[in-house]
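Enquirer: Residue numbers (our numbering): 229 to 330.
#1: Grouping DSSP H, G and I as helix and E and B as strand, with all else coil, what is residue 272?
#2: Given a threshold of 16 other Cβ atoms within 10 Å of its Cβ, counted over all protein chains shown, does residue 262 qualify as buried or as exposed?
#3: Helix, strand or coil, according to DSSP, for residue 260 in the structure here?
#4: Expressed to the nearest angstrom, what Euclidean distance is found between the alpha-carbon atoms of residue 313 and residue 300?
#5: Grouping DSSP H, G and I as helix and E and B as strand, with all else coil, what is residue 303?
#6: Here's the rule I'm using: 16 or more other beta-carbon atoms within 10 Å means buried, otherwise exposed. How should residue 241 be labelled?
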C-alpha cells in the first residue's frame, strides 16, 4: 500500500483531514473564538467552509475561487504552525531613497 502525499489528495479530502487535525483545530480557534483550546472537529470544518465561501467541501473540486482561498488558508496554517517560514511583511509606506550621483 502506497501513501499519497497530503498535497496530492483531492481538496475535499485535504479539508476533511485538516478539520480532524488537532493543530489545525487550535489554529481555527486562534482565528475565531480564541479560547486557547482546540476548536471541535465540526467547528474546524465550518471554519474551512466559511473561509472558502462554500457550503460543502465537495465545492472545492469545481469552485476555483474557493480552491484558491483554501490554498491560501493552508499556507496561513503552515506559517502559523511553523511548517513553512512566514512570509516577510513589507512596509509599503516606507519611501525609497535615491542614491546621490557621484
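Glycine included, every Cβ here is placed at the ideal spot set by N, Cα and C.
The structure displayed is predicted, hence computed values, not measured ones.
Expert: On the basis of the data shown:
#1: In this structure, residue 272 counts as helix in the three-state DSSP scheme.
#2: exposed
#3: coil
#4: Answer to the nearest angstrom: the Cα atoms are 14 Å apart.
#5: helix
#6: Taking every protein chain shown into account, the CB of residue 241 has fewer than 16 other CB atoms within 10 angstroms, so this residue is exposed.
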